[in-house]
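The opening residue of the sequence shown carries number 147 in the working numbering; numbering runs sequentially from there. The beta-carbon is built from N, C-alpha and C at its ideal position, and this holds for glycine as well. Report on one structure; see the data block that follows.
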Amino acid sequence: MGLIQEELLFNKNTASAIQAARVTLAGLPTTIVDVPRSQREGRMSLVTQDVSLSRLLCSNQSLEAFVTRRKISFPPNSTRVFNLDVAKTCLAFSSLVYMRNERFVKKAFDRDQTIREQTLKWDLNYESISNLGSPQGAFESVFDTKVGASQPSMMLVFKGTTPANYSEFIVDCMLTCIDATTLLGGGTVHEGFATQLFPMFGVPGVSARDGYGQMTYQLKRIAKQLLAHHSYLDAIPLWMSGHSLGAALASLVFARALRAPEDLGPHIQLRDCYTFGGPRTGDAIFAALVGSEMIKPINRPNILWRV
């Protein structure tokens with residue numbers, strides 16, 4: 147199962163979209179200042195310049211001057227921008243992770259070989275950082291820029307449901323919800339999704355999974371490696387994405403990161419989350435709490451985009 151047909155995923159248009167998204171992924175603001183109507187023309191000119199910049203500053207120019215130059219002070223009202231190139235990049239990554247060869251799980255082969263080879267063609271690194279439940283089930287991966295690249299960033303991607311994987315269907319089909327007050331501030335969330343990630347939701351007497359803890363540890367490690375070559379940066383931008391079951395898992399992790407950014411540490415800057423075909427993860431109270439986190443403060447540069 148894949149989101150994009152292979153001939154489309156591997157063609158030059160996808161590569162061009164990923165290249166065009168690099169500057170935005172590396173720190174170009176997607177939260178735009180709202181201004182009075184009398185000043186709107188000038189503001190739109192600035193937005194146009196930003197969009198053009200994201201396509202021009204692709205792989206060769208250092209971001210040091212750019213980051214220094216683009217310090218923006220936001221007023222109380224801001225507009226969030228859905229970036230099409232970033233969305234295409236998220237879609238490509240969310241589709242590519244389906245190409246793990248599960249037949250190689252018990253053999254001495256790299257089951258992620260196809261993913262790694264394609265990622266290298268995009269001039270990126272790929273690393274699977276956590277299997278959630280079983281080696282054949284859902285997993286978390288990171289697509290990040292190569293060490294020393296001029297525009298460092300990383301994206302956490304969750305794989306969706308594999309049709310032939312019975313355990314994933316069990317997770318999807320759980321109908322019970324559990325209280326999310328301790329972890330997410332309130333409301334209830336889908337039990338199957340939550341137990342894949344967070345140990346506090348494990349069954350008493352059974353070894354609890356800590357996919358979230360393993361994930362945050364690995365993200366900090368990767369961020370540290372990238373920052374070692376960029377003295378002008380304080381943190382590496384982190385984006386999230388996923389499809390189907392992966393969209394649900396990405397949404398829960400994003401919700402937790404919004405509420406507790408200290409989980410990611412000082413060297414990771416949370417950006418947006420783009421999900422595709424995601425199911426409902428929690429009740430109305432949970433949804434309202436997540437929505438409120440995304441506007442505290444009103445200019446917070448984080449939003450969950452559901453496609």
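- Pick out whichever of D418, S241, V453 and D231 has its Cα sitting closest to the Cα of P447. Against the sequence shown, residue 447 aligns to sequence position 301. Looking at D418, S241, V453 and D231, the one whose alpha-carbon comes closest to that of P447 is D418.
- Item | One or two residues paired with G388 in a DSSP bridge | Along the sequence shown, read from residue 1 onward, the residue named residue 388 stands at position 242. Beta-bridge analysis with DSSP links G388 to F304 and T421.
- Task: Spatial neighbours of V436 within its chain, please: CB distance less than 6 Å, with the 5 preceding and 5 following residues excluded, ordered by chain position.
- Result: On the sequence shown, residue 436 is found 290 positions in, with the first residue counted as 1. Closer than 6 Å at Cβ, skipping near neighbours: A401.
- Query: How far does the alpha helix (DSSP H) with I324 in it reach, from first residue to last?
  - Reply: Residue 324 sits at position 178 when you count from the first residue of the sequence shown. Residue range C323 to D325 is occupied by the beta strand (DSSP E) that includes I324, with no alpha helix (DSSP H) assigned at that position.
- Count the CB pairs spanning the region 328 to 344 and the region 363 to 380 that are closer than 8 Å, and state whether there are at least three. No, because fewer than three Cβ pairs between the region 328 to 344 and the region 363 to 380 fall closer than 8 Å, the two stretches do not touch.
- Might you give, ordered along the chain, the residues of its own chain that have their beta carbon closer than 7 Å to the beta carbon of S240, omitting 5 neighbours on each side? The residue you call residue 240 lines up with position 94 of the sequence shown. Non-local C-beta neighbours of S240 in its own chain, meaning closer than 7 Å and more than five positions away in sequence, comprise L149, V303, S387, G388, H389, G392 and F422, ordered along the chain.
- Task: Buried or exposed for N445, please, with buried defined as at least 16 other CB atoms from any protein chain shown within 10 angstroms of its CB.
- Result: On the sequence shown, position 299 is the one that residue 445 refers to. Counting other Cβ atoms within 10 Å of its Cβ, N445 reaches 16 or more and is therefore classed as buried.
- Task: Measure the beta-carbon distance from D290 to L372 and round it to whole angstroms, keeping in mind my assumption that it falls under 8 Å.
- Result: Along the sequence shown, one-based indexing puts residue 290 at 144. Along the sequence shown, one-based indexing puts residue 372 at 226. Contact holds; Cβ gap of about 7 Å.
- Task: Please classify G173: is it buried, with 16 or more other beta-carbons within 10 angstroms of its beta-carbon, or exposed?
- Result: As a first step, residue 173 is located in the sequence shown; it is residue number 27 there, counting from the start. Residue environment for G173: buried (at least 16 other C-beta atoms within 10 angstroms of its C-beta).
- Message: Can you tell me which residues form a DSSP beta bridge with L138?
- Response: Here the chain covers residues 147 to 453 and nothing more, so residue 138 does not appear.
- Message: Which residues does DSSP list as the beta-bridge partners of L372?
- Response: Taking the first residue of the sequence shown as 1, we reach residue 372 at position 226. Bridge partners of L372: none, in fact.
- Message: Quick check on this structure: which residue in L329, I261 and M245 has the alpha carbon closest to the alpha carbon of T307?
- Response: In the sequence shown, residue 307 corresponds to position 161, counting from 1. The candidate whose alpha carbon is nearest that of T307 is M245.
- Item | Cutoff 8 Å; reference T235; Cβ partners in own chain excluding five residues on either side | By 1-based counting over the sequence shown, the position of residue 235 is 89. So the list reads A163, I164, A167, L171 and M301, once near-sequence residues are dropped.
- Item | Nearest to P175 (by Cα), restricted to the options N229, Q151, A161 and N157 | As a working note, residue 175 is residue 29 in the sequence shown. The shortest C-alpha separation from P175 is found at N229.
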